[in-house]
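What follows is a single structure, written as structure tokens, with notes after it.
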Amino acid sequence: MILCVDCGNTEIKFAIFHEDKMVSRFSINTSESLSSDDYAMRIKFLSENNVEDINGAIISSVVPSLTKVLLSAVNKAFNCEVKVLNSSLKTKLPIKIDNPKELGADFLCTAVGALQKYKPPFVIADLGTATKMSVVDIKGNFIGGMITTGMKVSLEGLVKSAAQLYSVEIAAPKKIIGRNSIESIQSGIVFGQAYMVSEFARRMESELGYKLTRILTGGFSSIIKDQITCFNYEKDLSLYGLNVIYHINEGGKKYE
63 MILCVDCGNT EIKFAIFHED KMVSRFSINT SESLSSDDYA MRIKFLSENN
113 VEDINGAIIS SVVPSLTKVL LSAVNKAFNC EVKVLNSSLK TKLPIKIDNP
163 KELGADFLCT AVGALQKYKP PFVIADLGTA TKMSVVDIKG NFIGGMITTG
213 MKVSLEGLVK SAAQLYSVEI AAPKKIIGRN SIESIQSGIV FGQAYMVSEF
263 ARRMESELGY KLTRILTGGF SSIIKDQITC FNYEKDLSLY GLNVIYHINE
313 GGKKYE
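Residue 63 is where the sequence shown starts when you use our numbering, and the numbers rise one by one after that.
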């Protein structure tokens, strides 16, 4: 079995796969104060009964200071070979941007994961600490996307900059027109994000001249999945993508 680790700025997601089937999933908060021993202990505990069966792992990280920490932690927990997603790993995804080596690991994971479930062209909206959208064109090429602030960052910035506003739960209110400060902030943050993503997808289609299958993923995606239409919700696209990339680099025939 393979352990896939997706380290984001807010959350670190883990999944254990047997071939293409996810058999276990768990997550912990991202913390740069924890040591590799701390992470190893937590990962091993949360892996429950699968520890002895894990014979390989792959890590995707957008937090450089934690990449080596997690690499060491997984080695300590499972004593197995660990791959780190970077430009040296094969993905079989043609990358047609100005500098392919600058493409983030998170973009790679979700695109490869989407290619296992959807036929190009498609656009992926990945809602995390940052909100990212990426496009795979009709020829199956990764051609770019956009990056902006996510809902949590937007809320924190709003509260910090406006003296009379305060932090609220990031959740969709029942109506767009808020009847109080809490509902009004929630409406702006949640519905604003949902409608922004929808409009970006529409304009990307207009720019390309053809329709895109729309895919929604990421830690905050569950909050807006019922607020937008025509998007396919995929909770763990990055983890599935990591599993595929691991097998590609092991020469596995299953994903050829």
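Just so it is clear, CB atoms sit at the ideal spot from N, CA and C, and this is done for glycine as well.
Collapsed DSSP secondary structure at residue i in the structure displayed
i	result
GLY175	helix
ALA119	strand
ILE200	coil
GLY207	strand
LEU189	strand
ILE285	helix
MET195	strand
ARG276	strand
LYS222	helix
LYS237	coil
ILE159	coil
Straight-line gap, residue i to residue j (C-alpha atoms, nearest Å)
i	j	result
TYR272	PHE293	16 angstroms
MET195	VAL215	17 angstroms
ASP160	SER283	28 angstroms
LEU132	LEU147	13 angstroms
ILE186	LEU165	15 angstroms
MET103	CYS171	26 angstroms
LEU177	ASN242	43 angstroms
LYS145	VAL306	12 angstroms
LYS106	ALA139	6 angstroms
VAL136	ASN117	11 angstroms
TYR317	ILE64	Unreliable placement is indicated for TYR317, whose pLDDT of 38 sits below 50; no coordinate value is reported for it.
GLU296	VAL259	15 angstroms
GLY281	THR211	14 angstroms
LYS236	GLN289	11 angstroms
Terminal residues of the beta strand (DSSP E) in which residue i lies
i	result
VAL252	Run containing VAL252: none; DSSP gives neither H nor E here.
TYR295	293 to 295
MET84	83 to 91
GLU73	73 to 80
LEU65	64 to 69
VAL144	144 to 146
Residues near residue i in its chain [Cβ-Cβ closer than 6 angstroms; skip 5 each side]
i	result
LYS158	ASN203, ILE205
ILE247	VAL230
LYS152	ILE310, ASN311
PHE188	Sequence check: residue 188 is Asp here, not Phe. For ASP188, where only same-chain residues beyond five positions count, the Cβ hits under 6 angstroms are THR172, LYS194, THR279, GLY280.
PRO156	ASN203
GLU81	none
GLY240	SER246, SER249
Residue i, enclosing alpha helix (DSSP H) - first and last residue
i	result
ARG104	98 to 108
THR129	126 to 140
LEU301	299 to 311
Own chain partners of residue i with C-beta closer than 7 angstroms, once the 5 adjacent residues on each side are dropped
i	result
VAL221	LEU227, TYR228, SER229
ILE238	SER249, PHE253
LYS315	Note on LYS315: pLDDT 43, under 50, position unreliable in the model; the coordinate value appears next. Within the same chain, LYS315 has no close Cβ partners at all.
ASP115	MET63
Sequence-distant residues of the same chain with beta carbon closer than 8 angstroms to residue i, five excluded per side
i	result
LYS181	THR275
THR129	CYS69, ILE121, SER123, VAL146
ARG87	LYS75, PHE76, ALA77, ILE78, ASP298, LEU301
CB contact check: residue i to chain C, cutoff 7 angstroms
i	result
LYS236	No chain C appears in the structure shown, which is made up of a single protein chain.
Are the stretch 293 to 306 and the stretch 73 to 88 in contact at 8 angstroms, needing three or more beta carbon pairs?
-> The stretch 293 to 306 makes contact with the stretch 73 to 88, as at least three CB pairs between them are under 8 angstroms.
Between the stretch 208 to 227 and the stretch 240 to 254, do at least 3 Cβ pairs fall closer than 8 angstroms?
-> As far as the Cβ criterion goes, the stretch 208 to 227 touches the stretch 240 to 254, which means the pair count is three or higher.
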